[in-house]
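The sequence shown maps to residues -32 to -1, 1 to 275 in mature numbering (1 follows the signal peptide of the UniProt record, and there is no 0). Each remark here refers to the structure printed beneath this line.
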Amino acid sequence: MLPRMFGWISPCSTHLYLATAVCLSAIASVYSADLKVQCQACKDFVQTFWQGHENTAKSNFGGGNTDWEETRLGSYATSETRLVEIMEHSCTSGTDKDQCHQFVEHNEEPIEKWYFHLQKAFPNFEKWLCMDNTRVCCPPNTFGPDCEPCPGGTENPCTGRGTCEGSGTREGSGACRCQKGYSGAMCDLCDSGYEITDRNDTSITCEDIDECELDPLTCKIASEYCFNTEGSHKCYKCHPACHGGCSGAGAGRCKNCADGYIQVNGTCIDEQVALKEQDQALSDNKVPVEASLSDHQSLPNDERTDL
């Protein structure tokens, strides 16, 4: 046990060298029974622990592996003094600092056991603490109380097209949550609006179907045009300058110009605007300029329907 000069006795700890000021902030919070929360807290702790481990090595001759530290740092490498310094900065970052502190408070003994006796035998602290000892986490691509493999196995879960619910934790159903465009229990099917473009023994590739290109008459109303979206399409009203339909947004995609509009360089423009610009150009002794309709080229806001 460390002498009092190295710290104070925590009201929530009987282990002086793990009792730091950060423990006080943890008392107010309730330790979650959710194993997903505990798993994340364990990972957050290990990450900050290793950062402190590295920082204390650098402040004492530099950094290195365990054998290097034993040679260069001597007894300090696994000393209580160093552990105090490491723990003072643990749980300083991560998802939930309070839960991280609470995790430490509930698992002081295994943390100390590993630090003083098991570092060389089990160098992977996260695996030893979070998976094997406290049993709040599972290896990647496994789930549930017994860390069962995710659908498709640990090497290629969910056919590589989704994530396994609860992966890496002791909870979850293991059900595949597919990426956009994929469906099925193993994410091995294409969702509606997508088609298979490639398939092999381990996965498939699904790509969006361009309904607009597939069927130019997808939009049934002549004054609308088709706009492809991911997994579907939308129908928008043609620009007011158009007559008899259009192929896309803006007055430059009209099949024909509506009454009161004339075509200039492929764009239907207001006839009166064009004449005024031409008259102005003539009065300035300039060659008539082509009217610009940049204000009419934006995508219409009149969305009719999602199909």
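Glycine is no exception: its CB is placed at the ideal position from the N, C-alpha and C atoms.
Rounded C-beta distance between residue i and residue j? I'm assuming under 8 Å.
{"i": "C7", "j": "C98", "result": "6 Å"}
{"i": "I54", "j": "F17", "result": "6 Å"}
{"i": "N109", "j": "T127", "result": "Not a contact, Cβ separation roughly 12 Å."}
{"i": "C174", "j": "E163", "result": "7 Å"}
{"i": "A217", "j": "Y204", "result": "7 Å"}
By Cβ distance below 6 Å, which residues in the same chain neighbour residue i in space, the five residues on each side in sequence not counted?
{"i": "D227", "result": "none"}
{"i": "G152", "result": "none"}
{"i": "L250", "result": "none"}
{"i": "F90", "result": "W96"}
{"i": "R167", "result": "none"}
Quick one: residues in its chain with C-beta nearer than 7 Å to the C-beta of residue i, no 5 flanking neighbours on either side, listed in chain order?
{"i": "Y229", "result": "A209, C236, I237, D238 and E239"}
{"i": "E181", "result": "none"}
Give a yes or no on whether the C-beta atoms belonging to residue i and residue j are separated by under 9 Å.
{"i": "C105", "j": "G136", "result": "yes"}
{"i": "P125", "j": "C115", "result": "no"}
{"i": "P78", "j": "T46", "result": "no"}
{"i": "K223", "j": "G212", "result": "yes"}
{"i": "D156", "j": "K148", "result": "no"}
{"i": "Y150", "j": "I177", "result": "no"}
{"i": "C59", "j": "H69", "result": "yes"}
{"i": "A9", "j": "T49", "result": "no"}
{"i": "M154", "j": "G199", "result": "no"}
{"i": "D12", "j": "S61", "result": "yes"}
By DSSP's criteria, residue i is part of a beta bridge. Which residues make up the other side?
{"i": "C10", "result": "Its beta-bridge partners do not exist; DSSP assigns none."}
{"i": "V232", "result": "T235"}
{"i": "L157", "result": "S151"}
{"i": "P117", "result": "T110"}
{"i": "N101", "result": "Beta-bridge pairing links N101 to no other residue."}
{"i": "N196", "result": "H201"}
How would you write the range of the beta strand (DSSP E) that residue i sits in, first residue to last?
{"i": "I172", "result": "I172 to D176"}
{"i": "T165", "result": "Y162 to R167"}
{"i": "C206", "result": "Taken as a continuous stretch (DSSP letters only), C206 belongs to no beta strand (DSSP E), as it is neither H nor E."}
In chain order, what residues of the same chain lie with their CB nearer than 8 Å to the CB of residue i, ignoring the 5 residues before and after it?
{"i": "G140", "result": "K4, F111, G112, C132, E133 and G134"}
{"i": "G20", "result": "E53, I54, M55, E56, H57 and S58"}
{"i": "H207", "result": "C214, A217, G218, A219, R221, C222, C236, H264 and P268"}
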